[in-house]
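So the protein lines, in turn, are chains A and B. For the first sequence, numbering that gives the first Met the number 0 puts the final residue at 230, and the numbers step up evenly by one. For the second sequence, numbering that gives the first Met the number 0 puts the final residue at 244, and the numbers step up evenly by one. As structure tokens, the structure follows; a few thoughts come after it.
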Amino acid sequence: MSSAIKTVGLGHVLMAVLKREISLGMRQKGEVLTPLVFFVVIASLFPLGVGPESALLLRMAPGVLWVSALLAAMLSLQRMFASDYADGSLEQMALSSTPLALLVLAKALAHFLLAGLPLVLMAPVLGLQFGLDTRALGILMLSLLLGTPTLSLIGSIGAALTLGVRGAGVLLSLLILPLYIPVLIFGAGAVEADAAGLGIGGHLSLMSALLVLSLFFSPLATAAALRISLE
Amino acid sequence: MKTRVIHWFKFSSPQNFYFLAGKMWPWFAALATVLVLVGLWISFFVAPVDAQQGQGYRIIFVHVPASQMSMFIYLVMAGWAGFGLAFNTRLSGMMASALAPTGALFAFLSLVTGALWGKPMWGAWWVWDARLTSELILLFLYLGFLALQASIDDPRRADKACAILALVGAVNVPIIYFSVKWWNTLHQGASVSLKGSSMASTMLTGMLIMVFAFWMYTIAIALVRVRTIILDRERHTEWVKHAVA
Chain A
0 MSSAIKTVGL GHVLMAVLKR EISLGMRQKG EVLTPLVFFV VIASLFPLGV
50 GPESALLLRM APGVLWVSAL LAAMLSLQRM FASDYADGSL EQMALSSTPL
100 ALLVLAKALA HFLLAGLPLV LMAPVLGLQF GLDTRALGIL MLSLLLGTPT
150 LSLIGSIGAA LTLGVRGAGV LLSLLILPLY IPVLIFGAGA VEADAAGLGI
200 GGHLSLMSAL LVLSLFFSPL ATAAALRISL E
Chain B
0 MKTRVIHWFK FSSPQNFYFL AGKMWPWFAA LATVLVLVGL WISFFVAPVD
50 AQQGQGYRII FVHVPASQMS MFIYLVMAGW AGFGLAFNTR LSGMMASALA
100 PTGALFAFLS LVTGALWGKP MWGAWWVWDA RLTSELILLF LYLGFLALQA
150 SIDDPRRADK ACAILALVGA VNVPIIYFSV KWWNTLHQGA SVSLKGSSMA
200 STMLTGMLIM VFAFWMYTIA IALVRVRTII LDRERHTEWV KHAVA
């Protein structure tokens with residue numbers, strides 16, 4: 000017996016959602032560029048706040064750049080589901096035969112590509128301003144590359160929970176920032192550990208562990224949260 | 000002889016639980032009062048002065064139970080939350096939201112008493128050590144829970160959303176516990192362990208009594224709070240009008 004309906008592979012769906020999200024994002028360049036500019040501005044505020052002493056700035060650089068990246072990545076989280084929620088396509092996604100968690104995963108990946116990856120690419124420029132050397136810049140990029148997908152994934156839970164809630168923006172940061180702390184600790188810690196002459200294997204392994212854990216669990220939590228928001 | 004069967008699920012209905020909690024909470028409150036009095040008496044007058052830390056160590060009789068409770072309440076809260084999501088019971092969400100303010104209070108208390116202890120012992124109100132920091136993160140998690148609860152008007156939706164948040168946050172609680180092993184820091188290791196304790200036995204007794212006192216207080220206050228939550232949410236029903244009248 001041949002099935003009348005052609006089943007679409009999950010990989011196809013994943014790619015289709017990813018493509019859709021990216022083309023939607025690229026059409027509104029402001030939404031991609033604003034967090035990036037925010038990242039640059041925040042990171043530039045720190046030297047103005049603490050003074051131009053280069054030894055101090057070098058010491059602070061990994062932490063400052065990581066915190067700025069964290070805030071910049073959070074800035075665009077709210078939009079992850081908001082427009083789909085407003086025009087009803089989110090409900091269609093929830094009703095489709097494809098698991099909602101998979102669609103959510105694609106959306107989180109798209110968020111990483113549009114919001115996280117530009118931060119990774121921008122970070123070395125800012126790192127130079129803080130006087131980091133080439134090796135430290137490389138490790139900073141590597142740690143951001145491992146960390147920002149985790150930020151997008153964990154952030155998607157918060158975005159789903161605060162969907163259609165009043166004061167969603169501030170609330171989102173209160174919910175999500177505490178959960179970002181382990182990523183921040185190991186991310187900035189990797190750069191600092193290398194500067195101190197210690198190995199970075201442990202930090203990167205822990206960051207990868209966080210990434211794998213959030214890759215598995217956060218789409219499930221986000222999908223559950225979305226279903227509650229859509230009730 | 001007829002065996003008496005208790006229908007436990009009867010109490011998952013808010014109406015029945017309201018009356019059960021009304022009967023239970025005075026007992027827990029009385030126990031808490033007695034235990035606090037005994038515990039404080041032991042901690043102030045019976046327990047010996049510490050050889051290294053002098054009188055200042057006595058704050059641990061509040062600090063240790065408070066930080067234990069703050070972590071434990073989060074797990075219980077997450078447990079209720081998970082139960083509520085799985086079985087779709089209304090009471091579970093109410094229990095979780097009844098526990099949250101007490102958990103936040105204990106987390107705050109633990110930070111304050113820790114600071115008061117840290118000043119004479121470490122010479123600083125605050126150090127960025129793993130356990131202090133993770134307790135602070137725990138307080139943030141509680142505040143996030145309370146804030147999310149407050150910003151969703153529909154109580155059923157608020158309960159479910161908070162349940163997910165509590166479960167996600169509960170992943171953080173083991174990290175708090177194991178942080179002592181993960182990061183080598185200033186904070187002294189745990190003094191109480193299964194192998195044996197490095198404390199004098201009266202100190203241990205005093206602390207255990209205080210731990211039980213805090214338990215009883217938590218149960219009593221959670222029951223009182225859940226009663227008010229039940230009344231608030233069921234205010235349109237007939238039985239509430241009778242109960243309040």
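Every residue, glycine too, gets a C-beta built ideally from N, C-alpha and C.
Taking CB atoms only, F216(A) has a neighbour in chain B less than 9 angstroms away. In the structure shown, G10(A) adopts helical secondary structure according to DSSP, grouped into three states. Listed along the chain, the chain B residues whose CB falls inside 9 angstroms of the CB of I199(A) amount to none; the nearest CB is some 16 angstroms away. What P61(A) touches in chain B, judged by beta-carbon distance under 8 angstroms, is nothing: the nearest beta carbon there is about 16 angstroms away.
Straight-line spacing of the CA atoms in S11(B) and F18(B) works out to 12 angstroms. A residue is called buried once 16 or more other Cβ atoms fall within 10 Å of its Cβ, and R224(B) is buried on that count. The beta carbon of C161(B) sits closer than 6 angstroms to those of F144, L147 and Q148, all from its chain and outside the five residues before and after it, given in chain order.
Excluding residues up to 5 positions away in sequence, nothing lies with its Cβ nearer than 6 angstroms to the Cβ of T132(B) in the same chain. Interface flag for G166(A) against chain B is set, since a Cβ pair is found closer than 9 angstroms. Between the alpha carbons of L89(A) and A159(A) lies a distance of about 11 angstroms. Contact fails between the segment 193–210 of chain A and the segment 155–174 of chain A, because fewer than three Cβ pairs, one in each stretch, are under 8 angstroms apart. Burial is judged here by how many other beta carbons sit within 10 angstroms of a residue's own beta carbon; L176(A) has at least 16 and is buried. Rounded to the nearest whole angstrom, the CA to CA distance from Q14(B) to T227(B) is 12 angstroms.
Across the structure, M209(B) and Y216(B) are spaced so that their CA atoms are roughly 10 angstroms apart.
Here L34(B) is buried: its Cβ has 16 or more other Cβ atoms, across all protein chains shown, within 10 Å. Among the residues of the segment 124–143 of chain B, those with a Cβ less than 7 angstroms away from any Cβ of chain A are I136, F139, L140, L142 and G143, in the order of the chain. Excluding the 5 residues flanking it on each side, L150(A) has same chain C-beta neighbours closer than 7 angstroms at L69, A72, G115, Y179 and V182, in chain order. Fewer than three beta-carbon pairs drawn from the segment 41–57 of chain A and the segment 137–145 of chain A are found closer than 8 angstroms, and the two stretches are therefore not classed as touching. In this structure the segment 23–43 of chain B does not touch the segment 76–93 of chain B; the number of beta carbon pairs closer than 8 angstroms is below three.
Contact between G186(A) and L143(A) holds: CB atoms are separated by about 7 angstroms, below the 8 angstroms threshold. Taking 8 angstroms as the Cβ-Cβ cut-off, the segment 178–197 of chain A approaches chain B at L178, I180 and P181, given in chain order. Interface with chain A (9 angstroms Cβ-Cβ cutoff): S12(B) is excluded.
Around the CB of S95(A), fewer than 16 other CB atoms lie within 10 Å, so the residue is classed as exposed. Within the segment 150–171 of chain B, contact with chain A at the beta-carbon level (separation under 9 angstroms) is assigned to S150, I151, D152, D153, R155, R156, K159, A160, C161, A162, I163, L164, L166, V167, G168, V170 and N171. Taking all protein chains in view, the Cβ of M70(B) is crowded by 16 or more other Cβ atoms within 10 Å, so the residue is classified as buried. Following the DSSP letters along the chain, one finds S11(B) in no alpha helix (DSSP H), marked with neither H nor E.
For P98(A), there is no enclosing alpha helix (DSSP H), as DSSP gives it neither H nor E. As for any alpha helix (DSSP H) of minimum length 4 sitting wholly inside the segment 38–123 of chain A, the runs are 53–74, 78–86, 88–94 and 99–110, ordered along the chain.
If you draw a 10 Å sphere on the C-beta of S204(A), you find fewer than 16 other C-beta atoms in it, and that means exposed. Ranking A222(A), L171(A), A220(A) and G126(A) by CA distance to the CA of V190(A) puts G126(A) first. Using a Cβ-Cβ cut-off of 9 angstroms, E230(A) is close to D153, R155, R156 and K159 of chain B, given in chain order.
The DSSP-derived three-state label of G196(A) is coil. DSSP, read as helix, strand or coil, puts D153(B) in coil. Closest in C-alpha terms to G188(A), from the list I41(A), W65(A), G29(A) and L13(A), comes W65(A). Within the model, the alpha-carbon separation for D49(B) versus L209(A) is close to 42 angstroms.
In this structure, the CA atom of S22(A) is about 26 angstroms from the CA atom of S67(A).
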